[in-house]
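J.: Going by numbering that gives the first Met the number 0, the residue at position 240 of the sequence shown is 239; the numbering climbs one at a time, nothing skipped. Every residue, glycine too, gets a C-beta built ideally from N, C-alpha and C. Once you've had a glance at the structure underneath, I'll fire off some questions.
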Amino acid sequence: MPRFAIACAQDHLLLQEPAVQSRSGVSDKSKQGQSARLQARRCLGLSGNSLGLVLVFLFQVLWMQPAFATEQRFVTIGTGGVTGVYYPIGTATCRLVNTGRAEHGLRCSAESTLGSIANLNQIRAGVFEFGFMQSDWQKHAYRGTSAFEASGPFQQLRRVLSLHSEIATIVVRDESSFETFNDLKGSRVSVGRKGSGSAASWDALSSALGWTETDLNGLADLHQSELAEALCSGRIDAYFVLIGHPARLIEETADQCNIRLLGLDQSISENLNGDGPSYTPQTIPSSLYGLSSDTPSLGVTASLVTTSDMPEDVVETVVRTVYANLERLSELHPALSNLKADDLVSLDKDVPLHPGALKFFQEQGLVVHD
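In structure tokens:
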């Protein structure tokens, strides 16, 4: 709408205040009103009757403007560290969602966080609407077990979609004497920042293996960007991450010094999984990092979650956006290079699938295990 028209309308509307009578018997407001109406007619180039009709129309438009603004909906996705996989996936997803906001009215922003545990806590607190996390921790949050025992079950949690596998990875210098996971007892191992999925998974893994407080004395919580230098310079003896492969972090470490990966006994998964599977046997191919042999380990799935309160159309918009842009997303990170449409539908049934996601997957003819 032209600004001069709005200005004229506002001038006229301001005249509708109660009149104040002057000593002469003619209200000051009446005098002001006559002058303002004359200015409005001149401004719009209209006769008196036409002016009234136009002002009614302009008033309606001005009144309705806030209503249009409220139709925009905003969602925030919790991701992870900027050097990880969650952050670029989250920012790309939001960027793609925002390109279609004129059609669906949804605006999205991605927030860098410490990772899975932090994202779950923020979703539960109502700060984030969506969050990326490891499948094991979404199960524990839903049931109120492990790291979420104190906060209790979060049964409003809902799955949205799944992405790539994340594998427990232990990196040591090649010349070190470490051969197995248990050899790391009492050593200087960086396991991730508190609030990250890696740190929580380390706690679960070491507990399943019966480690004591003394065994954990050397733990560190370096930022992921520090790990390569810290290991190769000898500041730490090893680092532990749950990460998608191939991983830039491992490549950077291998560029700075000779490394090895320690394998995990895959039977440990029985102690970790309790009454529902989360950790599955995985293998890190030797060809990824120029190593002499493949490394057996355990892994989980990276997932996007929300709550049962999230409207179906919002969830469907997010899932549709990811589905329609799989090729773009697969180019973001090597860990996503083999991502296919079927991978979006998680086999993990520990947490219910959101109805908005279920509806979309069924429309696409994807097999839903729920």
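I'd like to confirm the pairing. Which residues does DSSP put opposite Glu-165 in its beta bridges?
T.: Counting from 1 along the sequence shown, the entry for residue 165 is found at position 166. Val-299, per the DSSP bridge assignment.
J.: Candidates Ala-101, Leu-105, Gly-77, Thr-98: which alpha carbon is nearest Asp-312's?
T.: The residue given as residue 312 occupies position 313 in the sequence shown. Measuring from the Cα of Asp-312, the nearest candidate turns out to be Leu-105.
J.: Please report the distance separating the alpha-carbon of Phe-360 from that of Val-367.
T.: Indexing the sequence shown from 1 puts residue 360 at position 361. Indexing the sequence shown from 1 puts residue 367 at position 368. Their backbone Cα atoms lie some 7 Å apart in a straight line.
J.: Grab me the residues of Leu-61's own chain with a C-beta within less than 6 Å of its C-beta, minus the 5 sequence neighbours each way, in chain order.
T.: Counting from one through the sequence shown, the residue named residue 61 turns up at place 62. Low local confidence applies: a pLDDT of 44 at Leu-61 is under 50, so the model's placement there is unreliable, and no value is given.
J.: Taking the beta carbon of His-332 as the centre, do at least 16 other beta carbons fall within 10 Å, making it buried, or is it exposed?
T.: Reading the sequence shown from its first residue, position 333 is the one you call residue 332. That one is buried.
J.: Would you tell me roughly how many angstroms separate the C-alpha atoms of Ser-296 and Gln-71, rounded to the nearest one?
T.: Your numbering for residue 296 matches position 297 in the sequence shown. Your numbering for residue 71 matches position 72 in the sequence shown. In a straight line, the C-alpha of Ser-296 is about 45 Å away from that of Gln-71.
J.: According to the Cβ coordinates, are Gly-243 and Ala-334 closer than 8 Å?
T.: In the sequence shown, residue 243 corresponds to position 244, counting from 1. In the sequence shown, residue 334 corresponds to position 335, counting from 1. Yes. Within cutoff.
J.: Just confirm the distance between the C-beta atoms of Gln-281 and Ile-166, as a whole number of angstroms; I'd bet it's less than 8 Å.
T.: Translated into positions along the sequence shown, residue 281 becomes position 282. Translated into positions along the sequence shown, residue 166 becomes position 167. Between Ile-166 and Gln-281 the Cβ distance is about 5 Å, and since that is below 8 Å, they are a contact.
J.: Would a C-beta distance cut-off of 8 Å place Ser-373 and Ala-229 closer than the cut-off?
T.: The structure shown does not extend to residue 373, since the chain is modelled only from 0 through 369, so no value can be given for it.
J.: Can you give me the start and stop residues for the alpha helix (DSSP H) that Cys-231 sits inside?
T.: As a first step, residue 231 is located in the sequence shown; it is residue number 232 there, counting from the start. 226 to 232 is the span of the alpha helix (DSSP H), which, as asked, contains Cys-231.
J.: Cβ of Ala-199 within 8 Å of Cβ of Ile-116?
T.: Stepping through the sequence shown from its first residue, residue 199 is reached at position 200. Stepping through the sequence shown from its first residue, residue 116 is reached at position 117. Closer than 8 Å, so yes.
J.: Does DSSP put Tyr-278 in a helix, in a strand, or in coil?
T.: Within the sequence shown, the letter at position 279 stands for residue 278. Looking at Tyr-278 - three-state DSSP - the assignment turns out to be coil, as it is neither helix nor strand.
J.: Could you pull the start and end residues of the beta strand (DSSP E) that Ile-242 belongs to?
T.: As a working mapping, residue 242 is identified with position 243 in the sequence shown. Segment 237 to 242, the beta strand (DSSP E) holding Ile-242.
J.: For Leu-37, count neighbouring Cβ atoms within 10 angstroms of its own Cβ and tell me buried if that reaches 16, exposed if not.
T.: Position 38 of the sequence shown holds residue 37. Summary for Leu-37: the model assigns pLDDT 48, below 50, so the residue's position carries little reliability; its value from the coordinates is reported in the next sentence. When all chains shown are included, Leu-37 counts as exposed.
J.: I'd like to confirm the pairing. Which residues does DSSP put opposite Cys-107 in its beta bridges?
T.: Looking up residue 107 in the sequence shown gives position 108. Partner(s): Val-74.
J.: Measuring CA to CA, which of Ala-219, Ser-175, Ile-258, Arg-142 is closest to Leu-156?
T.: Within the sequence shown, the letter at position 157 stands for residue 156. For the residues Ala-219, Ser-175, Ile-258, Arg-142, the minimum Cα distance to Leu-156 belongs to Arg-142.
J.: For Glu-362, does the three-state DSSP call read helix, strand or coil?
T.: If you number the sequence shown from 1, residue 362 lands on position 363. It is helical.
J.: Taking the straight line between their C-alpha atoms, what separation do you get for Glu-128 and Tyr-85?
T.: On the sequence shown, position 129 is the one that residue 128 refers to. On the sequence shown, position 86 is the one that residue 85 refers to. Distance between the alpha carbons of Glu-128 and Tyr-85: 15 Å.
J.: Please list the terminal residues of the continuous beta strand (DSSP E) segment that includes Gln-265.
T.: In the sequence shown, counting from the first residue as 1, residue 265 sits at position 266. Neither: Gln-265 is in no beta strand (DSSP E) and is coded neither H nor E.
J.: Do you know how far the Cα of Ser-224 is from the Cα of Ala-207?
T.: Residue mapping note: residue 207 aligns to position 208 of the sequence shown, counting from 1. Residue mapping note: residue 224 aligns to position 225 of the sequence shown, counting from 1. About 28 Å.
J.: Just the Cα atoms here: how many angstroms apart are Thr-78 and Leu-357?
T.: Walking along the sequence shown from the start, residue 78 turns up at place 79. Walking along the sequence shown from the start, residue 357 turns up at place 358. Each residue's Cα considered, the two are about 23 Å apart.
J.: Starting from Gln-133 and walking both ways along the beta strand (DSSP E), at which residues does that stretch end?
T.: Looking up residue 133 in the sequence shown gives position 134. Counting along the chain, the beta strand (DSSP E) containing Gln-133 begins and ends at 129 to 133.
J.: Could you tell me the alpha carbon to alpha carbon distance between His-353 and Thr-305, rounded to whole angstroms?
T.: Looking up residue 353 in the sequence shown gives position 354. Looking up residue 305 in the sequence shown gives position 306. Going by the C-alpha atoms only, they are around 8 Å apart.
J.: Could you work out which residue in Pro-284, Asp-342, Asp-349, Ala-146 is closest to Leu-365 when comparing CA atoms only?
T.: Along the sequence shown, read from residue 1 onward, the residue named residue 365 stands at position 366. Selected option, being the one with the closest Cα: Asp-342.
J.: Count the C-beta pairs between the stretch 169 to 178 and the stretch 320 to 332 that are closer than 8 Å, then say yes if the count reaches three, no if not.
T.: With the cut-off at 8 Å, the stretch 169 to 178 and the stretch 320 to 332 do not touch.
J.: Do you know whose CA, among Thr-279, Ser-232, Gly-83, lies nearest Asp-264's CA?
T.: Locating residue 264 in the sequence shown gives position 265, where the first residue counts as 1. Selected option, being the one with the closest Cα: Thr-279.
J.: In whole angstroms, give me the CA-to-CA distance for Asp-349 and Ser-232.
T.: Stepping through the sequence shown from its first residue, residue 349 is reached at position 350. Stepping through the sequence shown from its first residue, residue 232 is reached at position 233. Between Asp-349 and Ser-232, the C-alpha separation is close to 42 Å.
J.: Rounded to a whole number of angstroms, what is the C-alpha to C-alpha distance between Ser-266 and Leu-204?
T.: To locate residue 266, count along the sequence shown from 1; it is residue 267. To locate residue 204, count along the sequence shown from 1; it is residue 205. If you take the alpha carbons of Ser-266 and Leu-204, they lie about 12 Å apart.
J.: Could you tell me which whole alpha helix (DSSP H) segments of length 4 or greater appear in the stretch 134 to 212?
T.: As far as the stretch 134 to 212 is concerned, its whole alpha helix (DSSP H) runs of at least 4 residues are 134 to 142, 196 to 207.
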